[in-house]
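Residue 1033 in the working numbering is what sits at position 348 of the sequence shown, and the numbering runs on without skipping anything.
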Amino acid sequence: MREEIMMILGMLEEGKITSDQAALLIEAVVETVGLYDLEEPLPSFKDDAKNAGECHHHESAEKPGGEGVKGVADKLSGLADVVDRAALERLVERIRDTLEGAVKSTDQFMGRIQREVMSRKRTNGSSDWVLSLSTNVEKVVDGSFQGEDGKKIDVKLSTWNGRINVEPWDEPGFRVTVTADAVLGRERETPSEADSTMLDDVFEYDVADDSLKVKLHDSRAAVRGASLNVKLPRRFVYDMDLETQNGHVSVGELECRMVKVETSNGRIELDNTYAVISELETSNGRIVLTGVTKRLSARTSNGPIRIVPKKIEGDSLYELATSNGSIEVQVADADQVGYHIDAKTGLGRIVIDLPNVAYQVTDKGYVRGEVVTETSGFSEKSDRLTIKARTSNGKIRIIGSRENANS
């Protein structure tokens, strides 16, 4: 927080803001960044019986709600018209970096607390467990699809409090690996007694010649969360519907007709995936897509969006939306493609570096930056990309070469 305040005082000294504006900025920084101040040492855990299994709340590890972040955004937005724009953008970027780093530290701290609690036990004169400890339980299911190469297979995966990873392999069949955080109750003597049968009540599995459905039911009494790792043969084309909560989702180099992903508090990554249609939605997590897609809807909050299409085929449409995060589209073979761009952001820059695209950033009320432009001769191009990008408190960059990505 000291660095942010020094930046504000520097802006005051240089005459870029008035003393009243400096006071407002400092107040906003203290209200938001101050809540994330993790400079105090993390509390230590005692091994005595009094503290065993207890987890005292630490105020510096508490994440403030959305009102704190919204408050600083509103105050900074209110000064955007009167404060030096470049200096204000640098301050916003510094605040965002501080918050992202602090949230990561907070997550690490909370993970440490969880590990401490889960590793402790205490007895009451018998062999029973007093704490509801947990252990990892794994279940593996192998199977196969029938049909020729290129056949469409429907894949639906659903879980909670865990990740979903789908990747290709060269084997003829598929493999589903479930890794769950299973609760050990009083009747279980040791974690070594836990086995995959603990998942029977929450694991639902159905396979046919042209479909695979896996669902982990939310049953926190037995399982606190479960992750899915699914390996699929490359030779088929897939329709994927992937859903989880509090976990990231990743899809590898597979050919898909459609990929639909929904999660919360987790990132979404499509790595060299080919999909005609991609519908990606998360919150508090980034979205990264590399590969080829013709119809893309990517929506998140408090996270960036980065799209790196390997090529553009025919008419393509990208609809990208986030808040408190940047948007970047980096296109290969940019000079062969026609573009129509509709981009809006608040408290951030818009940068477009594409062949034959001229643009001018305009301000319209609460929308601090807006660009609507297209390539000269757009309608005559055989390969066309329309990009609709919306964010608040973040940059929008649409570029055509890797060298420009870091400019």
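Cβ coordinates follow ideal geometry from the N, Cα and C atoms, glycine included.
Provide the residue span of the beta strand (DSSP E) that contains residue i, from first to last.
i, result
"Tyr1003", "Asp1000 to Ala1006"
"Pro989", "Counting along the chain, Pro989 falls outside any beta strand (DSSP E), and DSSP gives it neither H nor E."
"Ile1026", "Gly1023 to Thr1030"
"Ile1083", "Ile1081 to Ile1084"
"Gly976", "Ile972 to Arg984"
"Gln831", "Note, Gln831: premise wrong, no beta strand (DSSP E); not H, not E."
"Arg860", "Phe859 to Val868"
"Lys898", "Ser896 to Leu901"
"Val887", "Where Val887 is concerned, there is no enclosing beta strand (DSSP E), given that its DSSP letter is neither H nor E."
"Glu1013", "Ile1012 to Gln1015"
"Ile1037", "Ile1035 to Asp1038"
In its own chain, which residues sit with a C-beta less than 8 Å from the C-beta of residue i, not counting the 5 before and 5 after it?
i, result
"Thr703", "Leu697"
"Phe1063", "Gly1023, Tyr1024, His1025 and Arg1069"
"Glu856", "Lys916 and Pro918"
Taking the straight line between their C-alpha atoms, what separation do you get for residue i and residue j?
i, j, result
"Lys945", "Glu1065", "32 Å"
"Ala911", "Val887", "10 Å"
"Leu1002", "Asp705", "45 Å"
"Glu725", "Asp903", "Because the pLDDT of Glu725 is 38, which lies under 50, any placement of that residue in the model is unreliable, and the question is left without a value."
"Gly1079", "Ala707", "22 Å"
"Ser811", "Thr820", "Low confidence applies here, because Ser811 scores a pLDDT of 42, under 50, leaving its location unreliable; read the following figure in that light. Roughly 21 Å separates the two Cα atoms."
"Lys1029", "Ile1083", "12 Å"
"Glu1072", "Lys824", "According to the sequence as given, residue 1072 is Ile; it is not Glu. In a straight line, the C-alpha of Ile1072 is about 42 Å away from that of Lys824."
"Tyr1044", "Ile1037", "8 Å"
"Gln831", "Leu965", "29 Å"
"Ala1017", "Gly1085", "6 Å"
"Glu889", "Trp845", "13 Å"
"Tyr923", "Cys941", "4 Å"
"Pro918", "Arg1034", "43 Å"
"Ile1026", "Glu1059", "6 Å"
"Ala865", "Asp1068", "45 Å"
"Val863", "Ser1008", "33 Å"
"Leu955", "Ser935", "6 Å"
"Asp834", "Gly1054", "48 Å"
"Lys836", "Val822", "34 Å"
"Ile1081", "Leu884", "45 Å"
"Gly847", "Glu699", "50 Å"
"Ile693", "Lys979", "45 Å"
"Pro994", "Lys900", "31 Å"
"Val826", "Ser986", "35 Å"
"Thr929", "Thr1076", "24 Å"
"Glu947", "His933", "10 Å"
"Asp1000", "Trp854", "31 Å"
"Ile849", "Val1056", "37 Å"
"Leu939", "Ser963", "13 Å"
Which partner residues does residue i have in the DSSP bridge list?
i, result
"Pro918", "Trp854"
"Ile953", "Val934 and Ile972"
"Met943", "Asp924 and Ile962"
"Thr1058", "Ile1026"
"Ser843", "Lys900 and Glu928"
"Tyr1044", "Looking at the DSSP assignment, Tyr1044 forms no beta bridge with any residue, so it has no partner."
"Asn1078", "DSSP output for Asn1078 lists no bridge partner at all."
"Leu1070", "Ser1001 and Tyr1024"
"Ser912", "Thr864"
"Asn821", "Asp866"
"Ile693", "For Ile693, which the question treats as bridged, DSSP gives no partner whatsoever."
In its own chain, which residues sit with a C-beta less than 6 Å from the C-beta of residue i, not counting the 5 before and 5 after it?
i, result
"Ala1020", "In the sequence on display, residue 1020 carries Asp and not Ala. Taken in chain order, the residues that qualify are Pro1040."
"Leu1005", "Ala983, Ile990, Ile1012 and Ala1074"
"Trp838", "Note that residue 838 corresponds to Ile in the displayed sequence, not to Trp. Excluding sequence neighbours, Ile838 sits near Phe830, Asp895, Phe921 and Tyr923."
"Gly695", "none"
"Val961", "Arg942 and Lys979"
Less than 8 Å between the CB atoms is what I'm expecting for residue i and residue j, so what's the real figure, rounded?
i, j, result
"Ile953", "Gly970", "7 Å"
"Thr967", "Gly937", "Actually they are not in contact, since the Cβ atoms of Thr967 and Gly937 sit about 18 Å apart, beyond 8 Å."
"Ile992", "Val1014", "5 Å"
"Glu852", "Lys898", "Contact flag wrong, Cβ pair sits at about 18 Å."
"Gly1010", "Gly988", "5 Å"
"Arg909", "Val868", "6 Å"
"Leu913", "Val840", "In fact, because the Cβ distance is near 11 Å, the residues do not count as touching under 8 Å."
"Leu981", "Leu927", "Actually they are not in contact, since the Cβ atoms of Leu981 and Leu927 sit about 16 Å apart, beyond 8 Å."
Is there a Cβ from chain B that is less than 8 Å from the Cβ of residue i?
i, result
"Glu940", "No chain B is part of this structure, which consists of one protein chain only."
To which residues of the same chain is residue i closer than 7 Å at the C-beta, ignoring the five residues directly before and after it?
i, result
"Gly828", "Gly858, Phe859 and Val892"
"Arg950", "The sequence as given places Asn at residue 950; Arg does not occur at that position. Within the same chain, Asn950 has close Cβ partners Asn931, Ser968, Asn969 and Gly970."
"Ser1061", "Asn1041"
"Arg800", "Low per-residue confidence applies at Arg800: pLDDT is 47, beneath 50, and the placement is therefore not dependable, though the value from the model is reported in the following sentence. No residues qualify anywhere along the chain."
"Glu747", "Annotation note: pLDDT 42 at Glu747 (below 50); position unreliable, coordinate value reported separately. Once the five neighbours on either side are set aside, Glu747 has no close Cβ partner at all."
Can we count residue i as close to the ligand SAH, meaning its CB is less than 7 Å from some heavy atom?
i, result
"Glu1013", "What this structure holds is no ligand at all, so the ligand SAH is not there to describe."
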